[in-house]
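Trainee: Under UniProt numbering, the first residue of the sequence shown carries the number 1, and numbering increases by one thereafter. Just so you know, even glycine gets a beta-carbon here, dropped at the ideal spot from N, CA and C.
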Amino acid sequence: MKQEERRQQTTRQLLEATKALIGEKGCHVITMKDIMERSELSKGAIFHYVKSKYELFAWVLEESLTATNERFEKQVERHPGDFEQPMEMLAKQFAELEDAGSPTNKVLMYLLGKEDDPAVADVLRQFYERSVLFSRRWIETGQRHGVIPASVDAARTAELFVVLSLGLRARTSIPGAGTAFTAGHFAAFVSGSLRGGFKG
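Structural data, given as structure tokens:
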């Protein structure tokens, strides 16, 4: 097996083991020993790639963003100049925002309670910046294809969407929180803002 193939396989094993443990135990009690046992990887193999569970949690967040971005880009390639198909794909992804069992939401809520740790603060900052970057890229792609008005302020609109999405994610951890504004409403708001031209 080539080195790159081995790296990809190890990364996938670590990610899948981490997400499975998050689903079973939550983030608070998972140890690196748990991850080692679940992934069936040696301590040396794991620590060759990461130094802590925080780095693995960062991978979980990054995987979520990257997967959504890849799906969006495929939709744009298949349907250039079409607003509906890429937007429909994003709307489906928005359902995860209010899923309390989502590994992304569990990790994010866990890390937000540990933001005083510089390593955690860096993970959170990167997740926020990447979220805004991808959101802005999607808007600018739509503008290049003529399906989103040029008058939309891509930077402000992207950040607004990310702030709202974080609010939906945070609400999953509040017991009994109301749900008058759902992921479906968020999708409709995003669509309407992009069609109508949110200028900020």
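Using a Cβ-Cβ cutoff of less than 8 angstroms, which residues in the same chain neighbour Leu15 once the five nearest sequence positions on both sides are dropped?
Mentor: Residue 15 sits at position 15 when you count from the first residue of the sequence shown. Hits under 8 angstroms: Leu56, Trp59, Val60 and Glu63.
Trainee: Where does residue 261 fall in DSSP's three states?
Mentor: For the chain, the structure presents residues 1 to 200; residue 261 sits outside this window and is missing.
Trainee: Lys199 by DSSP, collapsed to three states: which one?
Mentor: Counted from its first residue, the sequence shown places residue 199 at position 199. Low per-residue confidence applies at Lys199: pLDDT is 48, beneath 50, and the placement is therefore not dependable, though the value from the model is reported in the following sentence. The DSSP-derived three-state label of Lys199 is coil.
Trainee: Is the distance from the Cβ of Leu168 to the Cβ of Ser193 below 9 angstroms?
Mentor: As a first step, residue 168 must be located in the sequence shown, where it is residue number 168. As a first step, residue 193 must be located in the sequence shown, where it is residue number 193. No, the Cβ-Cβ distance between Leu168 and Ser193 is not below 9 angstroms.
Trainee: Please confirm whether Ser131 and Ser165 have their CB atoms less than 9 angstroms apart.
Mentor: The count along the sequence shown starts at 1 and reaches residue 131 at position 131. The count along the sequence shown starts at 1 and reaches residue 165 at position 165. A contact, by the Cβ cut-off of 9 angstroms.
Trainee: Leaving out the 5 sequence neighbours to the left and right, which residues in its chain are closer than 7 angstroms to Ala177 when beta-carbon positions are compared?
Mentor: Stepping through the sequence shown from its first residue, residue 177 is reached at position 177. Correct list, in chain order: Arg171.
Trainee: How big is the Cα-Cα spacing for Phe134 and Ser52?
Mentor: Taking the first residue of the sequence shown as position 1, residue 134 is located at position 134. Taking the first residue of the sequence shown as position 1, residue 52 is located at position 52. When rounded, the distance between both Cα atoms is 26 angstroms.
Trainee: Taking all protein chains shown into account, decide if residue 201 is buried (16 or more other Cβ within 10 angstroms of its Cβ) or exposed.
Mentor: Not covered by the structure: residue 201. The range shown for the chain is 1 to 200.
Trainee: Would you mind working out which of Leu90, Thr11, Val152 and Leu112 sits nearest Arg71, comparing C-alpha positions?
Mentor: Here residue 71 corresponds to residue number 71 of the sequence shown, with the count starting at 1. Per the Cα distances, Leu90.
Trainee: What's the gap between the Cα of Val123 and the Cα of Leu65?
Mentor: Start at 1 with the first residue of the sequence shown, and residue 123 comes out as number 123. Start at 1 with the first residue of the sequence shown, and residue 65 comes out as number 65. Roughly 13 angstroms between the two C-alpha positions.
Trainee: Given 8 angstroms as the limit, is there contact between the segment 29 to 47 and the segment 89 to 108, that is, 3 or more CB pairs closer than that?
Mentor: no
Trainee: So Tyr128 and Val107 are supposed to be a Cβ contact under 8 angstroms. How far apart are they, rounded?
Mentor: Along the sequence shown, one-based indexing puts residue 128 at 128. Along the sequence shown, one-based indexing puts residue 107 at 107. About 14 angstroms separates the two Cβ atoms, so there is no contact after all.
Trainee: Count the other C-beta atoms from every protein chain shown that fall within 10 angstroms of the C-beta of Ile139, then say buried if there are 16 or more, exposed otherwise.
Mentor: Here residue 139 corresponds to residue number 139 of the sequence shown, with the count starting at 1. Per the 10 Å Cβ criterion, buried.
Trainee: Take Gly26 and list the residues in its own chain whose beta-carbon comes closer than 7 angstroms to its own, dropping the five residues that flank it on each side.
Mentor: Translated into the one-based positions of the sequence shown, residue 26 becomes position 26. Excluding sequence neighbours, Gly26 sits near Lys106.
Trainee: Whose C-beta lies closer than 7 angstroms to the C-beta of Lys19 among residues of the same chain, with five residues either side of it excluded?
Mentor: On the sequence shown, position 19 is the one that residue 19 refers to. The answer, listed in chain order, is Val60 and Pro103.
Trainee: Run through the segment 54 to 133 for me and flag every whole alpha helix (DSSP H) of 4 or more residues, listed as ranges in chain order.
Mentor: 84 to 94 and 103 to 112
Trainee: Sorted by chain position, which residues of the same chain lie with C-beta nearer than 6 angstroms to Phe83's C-beta, five sequence neighbours on each side aside?
Mentor: Within the sequence shown, numbered from 1, the residue matching residue 83 stands at position 83. So the list reads Val147, once near-sequence residues are dropped.
Trainee: Whole angstroms are fine: how far does the CA of Glu40 sit from the CA of Asn69?
Mentor: For this step, residue 69 is matched to residue 69 along the sequence shown. For this step, residue 40 is matched to residue 40 along the sequence shown. Approximately 30 angstroms between the Cα atoms of the pair.
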